[in-house]
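Novice:
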């Protein structure tokens, strides 16, 4: 690494002597103070990601200029037509014009179900569900190879009954991921500064996601232009910040039953407004207008698209879960969701700590519950990835000293629901997260 | 070079447990060229005119004239012949007793026109013998790829048994096409329709002898414009599925289901004869094993095949959905043609019942026909029906059979029943 002054403090690109702006990211060197001596200026590892399928919608965002980096680790899965010579339905025919020439079964559309596993500790499943004819959910994931290095999870839910929402949502998720893959300015190196920087970047990601939706909108006055929700989680070390617009959600679900699981997003929905007015959550979320959202990304989106953001410290074993209503329709309360995840991991045995296996199982759960909507479940695992020390249901646990709850805090705007544990006690180091609580 | 295109009209959404998929496949041909004009193609045309005793007087005079007009419309280079039909089929041109077709040119046309002036009204009617003679004559030019005949009769097939006619039709089926016309009111519509259906042609009524020439000219012109000799419709359906029916529904109704021949276990071919620059609609119905909500599959692949080469194809799909706003919709084209097919069946069954003396059955069927025609706004058919029944209430289909009905009106209603009208997309 060369001298600090020779690099852009924002993106880490080489700094041309006497340049007023960074050639790579456009950062204004005049207005941003040079990092103090000894400040953490380490740049987030750059990662590979899949190119967007829709060229028009996936074109590089002006907010993401120049940041395409070398490979550190992690793979993203391209949604592509796999070469399937034999019909998966009857096992006999081959596909002609997208259908089996024996049984007529439709060649599976890779858009209808895809998974991404950029690293062993981050994975997601995006599935059509059981009742919809098109998967308008989308996701785009990134992760460093090492656990709790960096990760980006973006999930978008295309709004039904609008044209080409499945194209728009995928373009939006990928554009947001690309924006979020840029290095986060470390500023003063404090947690506060990092939360602020990530929150700001989440706002920029919303802009690029919306830009992608607009680009995917057919010309002319479509009566129902494509639109989608937005939720993204950015993990930077033990810090996670979740930002959302619409009703797709983030949750922090610590393993320990004594720790409080929290929702890290704030629904822009009619149901959320009702909950604020005192209607019980279950009633509000199953009411006739429950899924009417009040903010979305699209040509016709509201002016204010500042994402709700919330930060949480990932200082104990648990799951960071990002999902669409296709999952939370069937399990909305953070505690219920944590119980579901606990039951799911227990039932998966040795795969119980694998994000891809758990995300798949949660998708199966949503489908088994009706699969009324498209389902997206993305998970980042904090703590052990192997199942050798799964927490067991042990009455002794109740008597054990409570593990430190995660800190979760709301920022712009303040979260109105779900009381957030304010107390922050020193958390066990993530390196040894699975010490039996009753030992 | 002819170009075929296809369009599919259907509602692909089936309710939970739904099995039957209906689609209208519209096939359009352009650039067909002239009959026999394509590389390696040759066309042959035979004019068959009824010369039975009942044609005497103005009938045979107009027959001579109409045949002459028809000969003038046959393009030079086309193989041709003229057959006079009564209780036997007789070749009157090229030459009595010589079973050899000749190519049309100035000389042969003049000779043929001279020959038809010798038509003499005499004897009975045995149309089977006319068909058999035509086949014999066509066989004199076996290399010909496109064979067509026009057949005129003015009477019932009284001088051979129905079985004899059936055998003759079977012998001609797949060998040549025939458009058939009945003159006046003494022929049997169903009898002639049987010939035309088997020989991939049309049937219609010529009410009076003076209209024959015009009709003959139109038929020959249409035949000469068919530049694509033999077109097959191939219908694929998945394993476990059943093709319920394949019907041509425009320009006229023709159930071609029974004409199927297997190409492979999942694919059947249906002959559609020669094509001009034209558009035809086919109604394909397939029964599938029901799948679960959300699943989509191919219900049928409908291909247009010429010389074993696929020219165009339409895909008929099925998607099971729980959304009633999707599954309860019936495609406009499917609905329209389904209604027209039911209308045609009601008319034909009603007239058959009336002919058999079943007044109740006839009243019921023709009442139903009035009801459908009214509901679909088919004013032409309603006015034809009015000549046969008194309508008390069109909406409920309450009718009374008219006491005195012109037989020609009944026949016109019968022959018009299979003519369908297209609706705009």
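Chains as they are written, first to last, in my numbering: chain A, 1 to 439; chain B, 440 to 864.
Glycine included, each C-beta is placed from N, C-alpha and C at the ideal position.
1. With 16 other CB atoms within 10 Å as the buried threshold, where does residue 747(B) fall?
2. Does residue 447(B) come out as helix, strand or coil in the three-state DSSP assignment?
3. If you run the structure through DSSP and keep just helix, strand and coil, what is residue 519(B)?
4. Please tell me whether residue 715(B) and residue 668(B) are closer than 9 Å, where the distance is taken between their beta carbons.
5. According to DSSP, simplified to helix, strand and coil, what is residue 493(B)?
6. Going by beta-carbon coordinates alone, are residue 423(B) and residue 525(B) separated by less than 9 Å?
7. Counting only C-beta atoms, is residue 446(B) closer than 9 Å to chain A at any point?
8. Quick check: is the beta carbon of residue 740(B) nearer than 9 Å to any beta carbon in chain A?
9. Check each residue of the segment 343-368 of chain A: if its Cβ is closer than 8 Å to any Cβ of chain B, include it; give the result in chain order.
10. Using 8 Å for Cβ pairs, my map puts residue 538(B) next to residue 579(B). What's the rounded Cβ distance?
11. Residue 757(B) and residue 737(B) - do their beta-carbons sit closer together than 9 Å?
12. For chain A, is any of its Cβ atoms less than 9 Å away from the one on residue 763(B)?
13. Which stretch, first to last residue, makes up the alpha helix (DSSP H) that contains residue 473(B)?
14. How should residue 450(B) be labelled, buried or exposed, when 16 other C-beta atoms within 10 angstroms of its C-beta is the threshold for buried?
15. What separation, rounded to the nearest whole angstrom, lies between the Cα atoms of residue 57(A) and residue 752(B)?
16. Let me confirm a value: residue 849(B) is counted as buried when at least 16 other C-beta atoms fall within 10 Å, else exposed. Which label applies?
17. So within the segment 714-738 of chain B, which uninterrupted beta strand (DSSP E) runs reach at least 3 residues, ignoring any that extend past its ends?
18. Which of the three DSSP states, helix, strand or coil, is assigned to residue 574(B)?
19. Taking 9 Å as the threshold (beta carbon to beta carbon), is residue 81(A) in contact with chain B?
20. According to the neighbour-count rule (16 or more other Cβ atoms, all chains shown, within 10 Å of its Cβ), is residue 401(A) buried or exposed?
21. Measuring CB to CB, does residue 572(B) end up less than 9 Å from residue 640(B)?
22. Using 9 Å as the limit for Cβ to Cβ distance, is residue 679(B) near chain A?
23. Taking 6 Å as the limit between beta carbons, can you name the residues of its chain near residue 679(B), skipping five residues before and five after?
24. Kindly provide the ranges of any alpha helix (DSSP H) runs that are 4 or more residues long and lie completely inside the segment 124-205 of chain A, ordered along the chain.
25. Under 8 Å by Cβ, that's how I've got residue 498(B) and residue 593(B) pegged, so tell me the actual separation to the nearest angstrom.
26. Under 8 Å: do the segment 180-188 of chain A and the segment 215-227 of chain A share three or more Cβ pairs, one atom per stretch?
27. Cβ of residue 676(B) less than 9 Å from any chain A Cβ?
28. Any C-beta of chain A sitting closer than 9 Å to the C-beta of residue 472(B)?
29. At least one CB of chain B closer than 9 Å to the CB of residue 99(A): is that the case?
30. Exposed or buried, which one is residue 307(A) when buried takes at least 16 other CB atoms within 10 Å?
31. For residue 121(A), which three-state DSSP category applies?
32. Tell me where the beta strand (DSSP E) around residue 837(B) begins and ends.
33. Taking 7 Å as the limit between beta carbons, can you name the residues of its chain near residue 327(A), skipping five residues before and five after?
34. Measuring only between beta-carbons, confirm whether residue 289(A) sits less than 9 Å from chain B.
35. Output, in sequence order along the chain, the residues in the segment 733-760 of chain B whose CB is closer than 9 Å to any CB in chain A.
36. Do residue 370(A) and residue 134(A) count as a contact pair if the criterion is CB distance below 9 Å?
Specialist: Considering the structure as presented:
1. Taking the first residue of the second chain as position 1, residue 747(B) is located at position 308. Residue burial annotation: residue 747(B) is exposed, with fewer than 16 other C-beta atoms found within 10 angstroms of its C-beta.
2. Indexing the second chain from 1 puts residue 447(B) at position 8. DSSP places residue 447(B) in strand when its eight states are reduced to three.
3. Indexing the second chain from 1 puts residue 519(B) at position 80. Correct three-state label for residue 519(B): strand.
4. As a working mapping, residue 715(B) is identified with position 276 in the second chain. As a working mapping, residue 668(B) is identified with position 229 in the second chain. No, they are not a contact pair.
5. What you label residue 493(B) is simply residue 54 of the second chain in a count that begins at 1. Reduced to three states, the DSSP call for residue 493(B) is helix.
6. Residue numbering for chain B in the displayed model covers 440 to 864; residue 423(B) lies beyond these limits and cannot be assessed.
7. Here residue 446(B) refers to the residue found at position 7 when the second chain is read from its first residue. For residue 446(B), the answer is no, since every Cβ of chain A falls outside 9 Å of its Cβ.
8. Residue numbering aside, residue 740(B) sits at position 301 when the second chain is read from its first letter. Interface residue, yes.
9. Cβ proximity to chain B below 8 Å picks out nothing from the segment 343-368 of chain A.
10. Start at 1 with the first residue of the second chain, and residue 538(B) comes out as number 99. Start at 1 with the first residue of the second chain, and residue 579(B) comes out as number 140. Taking C-beta atoms under 8 Å as the contact rule, residue 538(B) and residue 579(B) qualify, at a distance of about 5 Å.
11. By one-based count along the second chain, residue 737(B) stands at place 298. By one-based count along the second chain, residue 757(B) stands at place 318. Yes, Cβ-Cβ distance for residue 737(B) and residue 757(B) is below 9 Å.
12. Here residue 763(B) is taken as the residue at index 324 of the second chain, counted from 1. Not one beta carbon of chain A lies nearer than 9 Å to the beta carbon of residue 763(B).
13. Counted from its first residue, the second chain places residue 473(B) at position 34. That residue, residue 473(B), is in no alpha helix (DSSP H); it is neither H nor E in DSSP.
14. As a working mapping, residue 450(B) is identified with position 11 in the second chain. Result: buried.
15. For the purposes of this step, residue 57(A) is taken as residue 57 along the first chain, with counting starting at 1. For the purposes of this step, residue 752(B) is taken as residue 313 along the second chain, with counting starting at 1. Any reading at residue 57(A) needs caution, since the residue's pLDDT is 32, under 50, leaving its predicted position unreliable; the model's value is listed next. C-alpha separation (whole angstroms): 33 Å.
16. Translated into positions along the second chain, residue 849(B) becomes position 410. By the neighbour-count criterion, in which a residue is buried when 16 or more other Cβ atoms sit within 10 angstroms of its Cβ, residue 849(B) is buried.
17. Restricting attention to beta strand (DSSP E) runs no shorter than 3 residues, the segment 714-738 of chain B encloses them at 717-726, ordered along the chain.
18. One-based indexing of the second chain puts residue 574(B) at position 135. Shown here, residue 574(B) sits in a helix according to DSSP, grouped into three states.
19. Taking the first chain and counting its residues from 1, one reaches residue 81(A) at position 81. With a pLDDT of 46 at residue 81(A), under the threshold of 50, the modelled position of this residue cannot be trusted, and the question is left open.
20. One-based indexing of the first chain puts residue 401(A) at position 401. For residue 401(A), the predicted model reports a pLDDT of 44, less than 50, meaning its position is unreliable; a value from the coordinates is still stated below. Counting Cβ neighbours within 10 Å, residue 401(A) comes out exposed, since fewer than 16 surround it.
21. Here the question's residue 572(B) lines up with position 133 in the second chain. Here the question's residue 640(B) lines up with position 201 in the second chain. In this structure, residue 640(B) does not lie closer than 9 Å to residue 572(B) by Cβ.
22. Here residue 679(B) refers to the residue found at position 240 of the second chain. Closer than 9 Å to some Cβ of chain A, the Cβ of residue 679(B) qualifies, so yes.
23. Residue numbering aside, residue 679(B) sits at position 240 when the second chain is read from its first letter. Contacts found: 728.
24. Restricting attention to alpha helix (DSSP H) runs no shorter than 4 residues, the segment 124-205 of chain A encloses them at 165-180, ordered along the chain.
25. For the purposes of this step, residue 498(B) is taken as residue 59 along the second chain, with counting starting at 1. For the purposes of this step, residue 593(B) is taken as residue 154 along the second chain, with counting starting at 1. Contact holds; Cβ gap of about 6 Å.
26. Touching, no, given that fewer than three Cβ pairs across the two stretches are closer than 8 Å.
27. On the second chain, residue 676(B) is found 237 positions in, with the first residue counted as 1. Yes, because at least one Cβ of chain A sits closer than 9 Å to the Cβ of residue 676(B).
28. Sequence index remark: in the second chain, residue 472(B) carries index 33 (1-based). Not closer than 9 Å to any Cβ of chain A, the Cβ of residue 472(B) fails to qualify, so no.
29. The sequence position of residue 99(A) within the first chain is 99, counting from 1. Cβ-Cβ to chain B under 9 Å: yes for residue 99(A).
30. Position 307 of the first chain, counted from the start, is the residue given in the question as residue 307(A). Residue 307(A) comes out buried.
31. Within the first chain, residue 121(A) is the residue found at index 121, counting from 1. DSSP places residue 121(A) in coil when its eight states are reduced to three.
32. Start at 1 with the first residue of the second chain, and residue 837(B) comes out as number 398. Element bounds for residue 837(B): 837-840.
33. Taking the first residue of the first chain as 1, we reach residue 327(A) at position 327. The residues 362, 366, 375 and 377, in chain order, have a CB closer than 7 Å to that of residue 327(A) in the same chain once the five nearest residues on each side in sequence are set aside.
34. Against the first chain, residue 289(A) aligns to sequence position 289. No, no contact with chain B.
35. Near chain A, meaning a CB-to-CB distance below 9 Å, the residues of the segment 733-760 of chain B are 733, 734, 735, 736, 737, 738, 739, 740, 752, 754, 756, 757, 758 and 760.
36. Walking along the first chain from the start, residue 134(A) turns up at place 134. Walking along the first chain from the start, residue 370(A) turns up at place 370. No Cβ-Cβ contact shorter than 9 Å links residue 134(A) with residue 370(A).
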